[in-house]
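Step one of this worksheet: look at the structure below.
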Amino acid sequence: MWRNPEELPSVPAIGTHEDPARPVRDGARFYADEAFPLPAVELLHSVGACVETAAEARLLGRDAEAHAAHALARNLALFTCDRRFLDESRFPLQRSPAIFVFEFGDGSPRDIRRAFRCLAPVIASAQFGARRCKVDAHGDAWIEHFRHGDGSHTRTCRRLWRGRLQQWVEPTALAG
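For reference, each letter of the sequence shown is one residue, going 1 to 176 in full-length UniProt numbering.
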């Protein structure tokens with residue numbers, strides 16, 4: 001069932017997320033591969049985000065592994081619309097940069113902003129800097145995969161519902 005994070009005893013509360021395109025963390029830098037649309041890059045630039053594109057990196061036409069290696073070597077979060085990056089056998093969390101795979105709907109500015117809503121809670125979390133993550137972001141919800149220092153993994157489903165952040169919790173988890 002969907003719950004507000006502050007209602008969950010073991011989940012730290014995350015800040016407000018009213019403006020999905022606001023700058024969220026000093027020092028967070030991003031790499032947009034060639035599958036990431038230019039209007040999305042422009043929106044990120046408009047809010048002061050530091051985004052390097054595949055064209056700027058001279059990686060146009062290169063394979064997905066080259067894009068991931070570039071982002072990892074430069075400590076950049078990889079932004080893409082290429083769902084192949086979610087393949088754990090090809091891009092394992094422990095050997096990949098932070099990866100955000102976006103689904104922008106029809107590509108309108110509204111759909112892009114909606115998908116970007118995942119950025120604030122993920123990048124603002126302490127987990128973002130300390131551990132590898134993958135985020136599968138859609139306009140209405142997103143799924144976060146984190147690999148922790150002890151080798152364990154967590155998977156968290158979140159959404160914004162009527163302006164409030166919510167997290168999916170299995171009913172059995174609430175009983176214990």
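Positions of the beta carbon are idealized from the N, C-alpha and C atoms, including for glycine.
Spatial distance of residue i from residue j (CA atoms)
i      : j      : result
Thr53  : Arg158 : 28 Å
Trp168 : Asp136 : 15 Å
Ala28  : Lys134 : 15 Å
Leu76  : Gln94  : 15 Å
Leu38  : Ile123 : 22 Å
Arg90  : Ala68  : 10 Å
Ala115 : Gly163 : 14 Å
Val41  : Ile143 : 22 Å
Phe146 : His70  : 20 Å
Leu78  : Ser108 : 21 Å
Phe30  : Arg62  : 18 Å
Arg155 : Glu170 : 12 Å
Glu103 : Asp82  : 9 Å
Leu119 : Arg74  : 19 Å
Glu88  : Asp150 : 18 Å
Cutoff 6 Å; reference residue i; Cβ partners in own chain excluding five residues on either side
i      : result
Gly105 : Asp111, Gly139
Arg84  : Ala64
Thr80  : Asp33, Ala35, Phe36, Val101
Ala141 : Arg159
Leu72  : Pro97
Cβ neighbours of residue i in the same chain (closer than 8 Å, five flanking residues each side left out)
i     : result
Asp66 : It is worth fixing the name first, because residue 66 is Ala in this sequence and not Asp. These residues qualify, in order along the chain: Leu59.
Buried or exposed by the 16-neighbour rule on C-beta atoms within 10 Å, applied to residue i
i      : result
Pro92  : exposed
His153 : exposed
Ala49  : buried
First and last residue of the uninterrupted alpha helix (DSSP H) at residue i
i     : result
His67 : 64 to 73
Val41 : 38 to 46
Neighbourhood of residue i by C-beta, 7 Å cutoff - its chain only, sequence neighbours within 5 removed
i     : result
Leu86 : Val101, Lys134, Asp136
His45 : Val51
Opening and closing residue of the beta strand (DSSP E) in which residue i lies
i      : result
Asp136 : 132 to 137
Ala32  : 29 to 32
Ala115 : Careful: Ala115 lies outside any beta strand (DSSP E), inside the alpha helix (DSSP H) at 109 to 115.
Arg95  : Segment: none, Arg95 is in no beta strand (DSSP E) and carries neither H nor E.
Glu56  : Element bounds for Glu56: n/a, residue is neither H nor E.
Cys157 : 153 to 161
Any 3 or more C-beta pairs closer than 8 Å across the stretch 89 to 106 and the stretch 45 to 60: The stretch 89 to 106, when compared against the stretch 45 to 60, does not touch it at the 8 Å Cβ threshold.
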